[in-house]
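Here the sequence shown is numbered in our numbering, starting from 1 and rising by one per residue. Here a beta-carbon is modelled for each residue, glycine too, at the ideal position from N, C-alpha and C.
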Amino acid sequence: MQAHSDRMRRQGKTIAFVPTMGFLHEGHLSLLETGKAHGDHLVLSIFVNPTQFAAGEDFASYPKSFEKDAQAAENQGVDVLFAPEATGLYEPGYETYVSLESLPNHLCGIFRPAHFRGVATVVAKLFNIVKPHVAIFGEKDFQQLAVIRRMARDMNFDIKIMGAPIVREPDGLAMSSRNTYLKPEQRPAALSLYKSLVLARQMVAAGETGAAAIIEAARNLIAGFSDTAIDYVAICDPDTLDDMDSLDRPALMALAVRVGTCRLIDNMMLVRP
Ligand code: PAF
Numbered sequence: 001m002q003a004h005s006d007r008m009r010r011q012g013k014t015i016a017f018v019p020t021m022g023f024l025h026e027g028h029l030s031l032l033e034t035g036k037a038h039g040d041h042l043v044l045s046i047f048v049n050p051t052q053f054a055a056g057e058d059f060a061s062y063p064k065s066f067e068k069d070a071q072a073a074e075n076q077g078v079d080v081l082f083a084p085e086a087t088g089l090y091e092p093g094y095e096t097y098v099s100l101e102s103l104p105n106h107l108c109g110i111f112r113p114a115h116f117r118g119v120a121t122v123v124a125k126l127f128n129i130v131k132p133h134v135a136i137f138g139e140k141d142f143q144q145l146a147v148i149r150r151m152a153r154d155m156n157f158d159i160k161i162m163g164a165p166i167v168r169e170p171d172g173l174a175m176s177s178r179n180t181y182l183k184p185e186q187r188p189a190a191l192s193l194y195k196s197l198v199l200a201r202q203m204v205a206a207g208e209t210g211a212a213a214i215i216e217a218a219r220n221l222i223a224g225f226s227d228t229a230i231d232y233v234a235i236c237d238p239d240t241l242d243d244m245d246s247l248d249r250p251a252l253m254a255l256a257v258r259v260g261t262c263r264l265i266d267n268m269m270l271v272r273p
């Protein structure tokens, strides 16, 4: 992969890179579209990264559909599909990790303490292997995008990091590979995330500026659906992810809710009219 990227670079190509864990959906395809628009050599990686899963999480059962993904990649105009083995990326004796000081101590990082260390590490490794000019990540994983932007800046990666908007199902559910874990009867509960974000937007449009009132309304809405357990509902600064009390400037509303065994996340910007 490194030799190939060197060749492409020597030919003057702009390498656009979309890292994924596979089981591709429309959200991933939109990242590839963005990649195509910003580069002339498109690389997709599929790698279920063991270091970003804690014991008891879904590493072993993470959904896979390699053949289907490979076909989708081809249809989407992907030039290289890079799918390394875990043993190739983490060889025996591996002991180097990238961890950030502050951004992971918020939102999902509180519930998944080693997650962003694993993400930052594998993304740094993939950047050094794929050598892209531009890399695209989904805004659904807002904290992940913030972590990667910070890591790329702090570590002087000469790579443009781009975010791409959340892609939703027609009913509003944010697309995610993990949606496959949802049973049909859990769909209304899964939709409570999107509904609470829409409610928050409506409250802000109607003049509400207090974060606590919005969070309480969202929590009540979600709790009204059976089979839901809230990890967090937060209104925070989109750069630092620190909690905000008042919507005196644009804020990120982010939430994580477990529906049965499926952990869902979603987010939306709240901006006063
Ligand atoms: O968002 C994902 O699919 C993963 O966290 C990523 C960025 C590919 C790193 O493993």
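Neighbourhood of residue i by C-beta, 6 Å cutoff - its chain only, sequence neighbours within 5 removed
| i | result |
| --- | --- |
| G109 | F116 |
| G258 | For the record, residue 258 in the displayed sequence is Arg; it is not Gly. If we look at R258 and ignore the five residues flanking it on each side, its Cβ neighbours are A229. |
| F53 | F59 |
| I166 | E139, K140 and A174 |
| I265 | A256 |
| A72 | L24 |
| V18 | L31, L32, G35, L44 and I136 |
| F123 | It should be noted that the sequence gives Val, not Phe, for residue 123. Closer than 6 Å at the Cβ level, and outside the excluded window around V123, lie I148. |
Expected contact under 8 Å - CB spacing of residue i and residue j to nearest Å
| i | j | result |
| --- | --- | --- |
| I136 | M162 | 5 Å |
| D69 | L42 | Incorrect: roughly 14 Å between the Cβ atoms, too far for contact. |
| L252 | P273 | That belief does not hold up - the Cβ atoms of L252 and P273 are roughly 17 Å apart, past 8 Å. |
| K64 | G22 | 6 Å |
| S30 | A164 | 6 Å |
| L221 | K195 | 6 Å |
Beta-carbon contacts of residue i that lie in its chain and below 7 Å, excluding the five residues immediately before and after
| i | result |
| --- | --- |
| V271 | P250 |
| M1 | F82, I129 and V130 |
| I159 | F127, P132, H133, V134, A135 and A152 |
| R201 | M268 and L270 |
| Y40 | Rather than Tyr, the amino acid found at residue 40 in this sequence is Asp. K13 and T14, listed in sequence order. |
| A3 | none |
| S99 | R117 and A120 |
| E208 | I214 |
Inter-residue Cα distance where the pair is residue i and residue j
| i | j | result |
| --- | --- | --- |
| S61 | A83 | 18 Å |
| N179 | E85 | 25 Å |
| L89 | T20 | 15 Å |
| Q274 | D171 | Residue numbering for the chain in the displayed model covers 1 to 273; residue 274 lies beyond these limits and cannot be assessed. |
| L199 | A218 | 7 Å |
| T240 | H106 | 9 Å |
| D245 | E101 | 23 Å |
| H28 | G138 | 8 Å |
| V204 | R168 | 22 Å |
| R34 | R10 | Per the sequence presented here, residue 34 reads as Thr, with Arg not at that position. Computed Cα separation, rounded: 23 Å. |
| H133 | G12 | 11 Å |
| K5 | N75 | Looking at the sequence provided, one finds Ser at residue 5 rather than Lys. Cα to Cα, the separation comes out at about 22 Å. |
| I235 | F142 | 13 Å |
| N49 | R149 | 19 Å |
| G210 | T87 | 49 Å |
| T121 | A114 | 11 Å |
| E57 | Y181 | 13 Å |
| A296 | S177 | Nothing about residue 296 can be reported from this structure: the residues present for the chain run from 1 to 273 only. |
| P188 | F225 | 7 Å |
| E26 | P104 | 27 Å |
For residue i, the residue or residues it bridges with in DSSP
| i | result |
| --- | --- |
| A174 | R168 |
| S5 | Bridge partners of S5: none, in fact. |
| D243 | C236 |
| H28 | H28 pairs with nothing; no bridge assigned. |
| D266 | L255 |
| L42 | A16 |
| T228 | V259 |
| G210 | S246 |
| I161 | A135 |
Chain-order list of residues whose beta-carbon lies under 8 Å from that of residue i (same chain, five-residue window excluded)
| i | result |
| --- | --- |
| Q186 | D227, V259, G260 and C262 |
| A223 | I230 |
| F66 | G22, I46 and A83 |
Residue i at chain B interface by Cβ criterion, 8 Å
| i | result |
| --- | --- |
| Y90 | In summary, chain B is missing from the structure at hand, where a single protein chain is found. |
Exercise. At what residue ranges does the region 67-151 contain a whole run of the beta strand (DSSP E), taking only runs of 3 or more?
Worked result: 80-82 and 134-138
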